[in-house]
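J.: Sharing a structure, written as structure tokens. Questions coming.
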Amino acid sequence: MNEWFHCNKCFLVANNDSQFWFTSCGHIICAECKKNGNLLLGQKGICVVCSKQETSIMMVNKNMKPDLIHLFRPPKDLLLEFTSKMKMTIDFQNAHRQRFFKHIREKYNKAAKIAKAAHVEITKRVEREKNLLAERNQVRMELDSTKDYVRQLEKVLADRDQEIHRLKRKSPSFVKRTSPHLKGRAGYPSLNGNTPLSRVSFFGCTTSTPNDFANIAAGCLDNRRRNNVGGNAGTAGEFDFLSQQRAMEEVVAGGPSFIPNTPALLGLPADTRRSPTYTPKFF
38 MNEWFHCNKC
48 FLVANNDSQF
58 WFTSCGHIIC
68 AECKKNGNLL
78 LGQKGICVVC
88 SKQETSIMMV
98 NKNMKPDLIH
108 LFRPPKDLLL
118 EFTSKMKMTI
128 DFQNAHRQRF
138 FKHIREKYNK
148 AAKIAKAAHV
158 EITKRVEREK
168 NLLAERNQVR
178 MELDSTKDYV
188 RQLEKVLADR
198 DQEIHRLKRK
208 SPSFVKRTSP
218 HLKGRAGYPS
228 LNGNTPLSRV
238 SFFGCTTSTP
248 NDFANIAAGC
258 LDNRRRNNVG
268 GNAGTAGEFD
278 FLSQQRAMEE
288 VVAGGPSFIP
298 NTPALLGLPA
308 DTRRSPTYTP
318 KFF
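Counting the sequence shown from 1 gives a position; my numbering is that position plus 37.
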């Protein structure tokens, strides 16, 4: 015991062999004062120090209740024990606090990661939307340009249809203009039929080149066309294969009298044609 420990009635200082008792009213008495006050363990009596009624006692030793034994311990021991308990309490609470903070930190980091990914995705979407808008505008411009081109093509097709209709309306007059040549063939003998033909002789015809039947026929037709033979003036469009064949038929059917001479083949006027007895002058 400490030096402060003594009997509150007789002030006896404690030693190793003495016994002391602790009253319910908070006093310390020795065994002799307990005996003089007729206080018994387990029974209630009158305190010999303060004369309080209904006072109970218990022996001061290591078996006292924990909430009472610390009253008799040195403050240094209590401080060390309290410090140790306080440290253990602080460590325990800090461990749980750190665990909780770790959970909060992980949750925050996860939320920050999700927020960063969402920000990147939003940025990509915004960029993608910008590209889509630009592409849509480009497609719209191309569509407008294509529509303009289609309208131009439709206009060209409409103009061509009108031209075709106009040409179709003019085509009957062209057929009527060219049809007399086909009708005129009925007045000439046919080379494919049984019409008797006279023998053709090219002797006596003054020519500057060897006689060629096809060229003579063509020259005859050209001469007649230029000189308006028969009163019908032809056009360049009327000089076709049928006209050439008709000219050949005329030459063959008409005999030697229809064979033209060289001036006629050249299409010269009649006054410039030379007679068979003409003698040229070179000086």
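Even glycine gets a Cβ: it sits at the ideal position worked out from N, Cα and C. All values derive from a computational prediction rather than experimental measurement.
Quick check on this structure: which residue in Cys67, Phe59, Ile83 has the alpha carbon closest to the alpha carbon of leucine 49?
T.: Per the Cα distances, Cys67.
J.: Quick one: any contact between the segment 74-92 and the segment 113-130, if contact means 3 or more CB pairs under 8 Å?
T.: As far as the Cβ criterion goes, the segment 74-92 does not touch the segment 113-130, which means the pair count is below three.
J.: Histidine 64 by DSSP, collapsed to three states: which one?
T.: In this structure, histidine 64 counts as coil in the three-state DSSP scheme.
J.: On the three-pair Cβ rule with 8 Å, is the segment 56-63 touching the segment 89-100?
T.: Yes, the segment 56-63 is in contact with the segment 89-100.
J.: Let me make sure I understand the geometry here. Which of Cys84, Glu40, Gly63 has the alpha-carbon closest to that of proline 111?
T.: Out of Cys84, Glu40, Gly63, Glu40 has the C-alpha closest to the C-alpha of proline 111.
J.: Could you tell me whether the Cβ atoms of asparagine 73 and valine 85 are closer together than 8 Å?
T.: Yes; because the gap between Cβ atoms is below 8 Å, this pair is in contact.
J.: What does the Cβ neighbour count give for isoleucine 151, buried or exposed, with the cut at 16 atoms within 10 Å?
T.: It counts as exposed.
J.: Report yes if the C-beta distance between cysteine 62 and lysine 89 is below 8 Å; otherwise report no.
T.: Yes, the pair counts as a contact, with Cβ atoms nearer than the cut-off.
J.: For the beta strand (DSSP E) holding isoleucine 83, just list the boundary residues, first then last.
T.: Looking at the DSSP string, isoleucine 83 is not in any beta strand (DSSP E), and its letter there is neither H nor E.
J.: Less than 7 Å between C-beta atoms, sequence neighbours within five positions excluded: which residues of the same chain meet that for aspartate 54?
T.: None.
J.: Could you pull the start and end residues of the alpha helix (DSSP H) that proline 103 belongs to?
T.: From DSSP, the alpha helix (DSSP H) with proline 103 extends over 103-106.
J.: Would you decide whether histidine 64 is buried or exposed? Buried here means 16 or more other CB atoms lie within 10 Å of its CB.
T.: Its Cβ being crowded by 16 or more others within 10 Å, histidine 64 is buried.
J.: In three-state terms, what does DSSP make of phenylalanine 119?
T.: If DSSP states are grouped into helix, strand and coil, phenylalanine 119 belongs with the helices.
J.: Taking the straight line between their C-alpha atoms, what separation do you get for glutamate 166 and valine 176?
T.: Each residue's alpha carbon lies about 15 Å from the other.
J.: Would you kindly work out how many angstroms separate the C-alpha atoms of isoleucine 83 and aspartate 104, rounded to a whole number?
T.: Approximately 24 Å between the Cα atoms of the pair.
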